[in-house]
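A quick write-up on the structure given underneath.
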Amino acid sequence: VPAVKPQGGQAAPAKAGKNAQGAKRSADLQRSNQVLIYDQLLNFLKQHGALLSSVRPEHFLSCDQFVKHMQQATSGATSATRRQLEKLFYVKSAEAWTNAIWQTIKIFLLNRVTPKALKLTPGMRDEHEDDEDGQFTSKKLSPELLGALDVKGLADSNLYSVPEACLLRWLNFHFAKANNSRFPPRKIAQFDVDLQDGIVFAIVILSHIPTCHHVSAMKFPCTSEDHVLSNNQNIVLALQEVQLQYPVTASELTHPNPRDNMLFVLFLFQNLPHYVPKTTIVFSTPLGVNLTKNIELSSPAKKTITFLCSSHGSSDFI
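Right under this line is the structure:
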């Protein structure tokens, strides 16, 4: 997503035949324009709540441009050597890009996870089957659902923001909803150790897609790292089975980074609810009598949308 559009003019390229001094002035002007653009980008992100006080515009430059910028800005007896500046660059540049990307995700994507969005997310309900019409109706909210939707306490943490707390509540609710005593009860309070063995991810996937095969048989208790790795391999295979593409490996889930795992949970929060059925089509027919129903898919969008359909179940009914 383009955050800032450059407002200043661009430096004209050096033409052939110019002397070295003219080419140097052109390169200095281009570098100054780049620093100005990155400064505008940082100000834009900060205005929207990004925490980037330790990041400077010159940290986004290339190594050679950074060295030249610093040498020009600190010319004198106290200026550092080129080797010192290169060593400083690799630390500051990696930190700047990582923090800028992370803060961009946090203020533009993560902040969309609100208590209201959590409440309206498909699957955030207690379902009780009504024998009369076969439809699912919510009769009485369970303590797990009430706890997940209660806004009290969301802002009490000094570690997690409100959107991150909403994601943890989403995990806790679906684990309690779909666990069915398969595994001991647990409370998910962290994005690393509480998700390391893959059990929570498996139950959350099954809560939305009960027919997912690869997470139906998870190893528990996990007495070795091989067990944990095997479970997380099943999570990766389950994503492939339901055709969700996310750049994560079993090894990364086995040795989790809290920030990376939070992004993975955010991905699941955005995609798994689309697998919750919106309605039930009832085939009411006497035994031995074929019944055919047509399903029409439409979209209000003007652009062409391609639907990928698949059928699951016994061949006697498909």
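With the working numbering, you'll find the sequence shown wraps up at 378, consecutive numbering, no jumps.
Just so it is clear, CB atoms sit at the ideal spot from N, CA and C, and this is done for glycine as well.
Given the structure is predicted, the values throughout are model-derived calculations rather than measurements.
Buried versus exposed, by CB contacts within 10 Å (16 or more), residue i
i      : result
Lys237 : buried
Trp230 : buried
Asp191 : Because the pLDDT of Asp191 is 41, which lies under 50, any placement of that residue in the model is unreliable, and the number read from its coordinates should be weighed accordingly. That one is exposed.
His234 : buried
Asp286 : exposed
Val349 : exposed
Asp254 : buried
Cys369 : exposed
Phe261 : buried
Tyr306 : exposed
Val296 : buried
Leu347 : exposed
Ser267 : buried
Candidates the options: closest to residue i by CA position
i      : options                           : result
Val151 : Val115, Pro223 and Gln163         : Val115
Pro182 : Thr158, Leu323, Phe261 and Val336 : Val336
Leu145 : Asn159, Ala156, Lys128 and Val253 : Lys128
Asn232 : Ser217, Leu206, Lys212 and Asn218 : Leu206
Leu209 : Ala215, Lys176, Tyr220 and Pro270 : Lys176
Ile167 : Leu214, Lys147, Ser113 and Leu105 : Leu105
Arg143 : Asp124, Lys363 and Ser153         : Asp124
Leu180 : Lys247, His334, Pro117 and Asp320 : His334
Asn294 : Cys272, Pro307, Ser284 and Pro281 : Cys272
His372 : Tyr98, Pro244 and Glu301          : Glu301
Phe243 : Pro223, Tyr220 and Lys279         : Lys279
Gln94  : Leu304, Gln107, Ser276 and Phe126 : Phe126
Pro223 : Arg172, His268 and Asn331         : Arg172
Asn159 : Glu312, Arg319 and Asp88          : Arg319
Arg246 : Glu204, Thr345 and Ala133         : Glu204
Phe108 : Ser153, Leu227, Val211 and Thr164 : In the sequence as presented, Phe is not what sits at residue 108; that position holds His. Checking every option, the nearest Cα to that of His108 belongs to Thr164.
Trp162 : Ser267, Ala277 and Leu102         : Leu102
Met184 : Ile355, Lys338 and Thr345         : Lys338
Leu178 : Lys147, Pro281 and Leu214         : Leu214
Asp88  : Ala133, Ser113 and Gln100         : Ala133
Sequence-distant residues of its chain with Cβ nearer than 7 Å to residue i (five each side left out)
i      : result
Ile341 : Lys353
Asp376 : none
Ala156 : Val115, His119 and Phe120
Leu313 : Gly258, Asn292 and Ile295
Gly69  : At Gly69, the pLDDT of 35 sits below 50, so the modelled position is not reliable and the matter cannot be decided from this model.
Val211 : Pro175
C-beta contact flag for residue i and residue j at 8 Å
i      : j      : result
Val288 : Gln250 : no
Leu169 : Leu326 : yes
Ser122 : Gln131 : no
Phe324 : Val308 : yes
Asn218 : Ile259 : no
His274 : Ala298 : yes
Thr304 : Asn331 : First, the residue type needs correcting, since residue 304 is Leu and not Thr in the sequence shown. Yes, these two residues count as a Cβ contact at 8 Å.
Asn239 : Ile269 : no
Thr141 : Cys226 : no
Contact set for residue i: own chain, Cβ-Cβ below 6 Å, skip 5 residues either direction
i      : result
Ser202 : Asp186
Asp98  : Reading off the sequence, residue 98 comes out as Tyr, not Asp. Closer than 6 Å at the Cβ level, and outside the excluded window around Tyr98, lie Pro117 and Phe120.
Ile265 : Cys272, Val275 and Ala298
Phe343 : Leu351
Leu228 : Ile248
Phe149 : Cys123 and Phe126
Gln67  : Model confidence at Gln67 stands at a pLDDT of 31, short of 50, so the residue's coordinates are unreliable and nothing is read from them.
The ligand MN heavy atom lying under 7 Å from the CB of residue i
i      : result
Ala177 : Questions concerning the ligand MN fall outside what the structure shown contains, since it holds no ligand whatsoever.
Contacting residues, own chain, Cβ-Cβ under 8 Å from residue i (five flanking each side not counted)
i      : result
Asn317 : Asp252
Ser359 : Ile365
Phe367 : Leu357
Thr283 : none
Arg91  : Leu121, Gln125, Lys128 and His129
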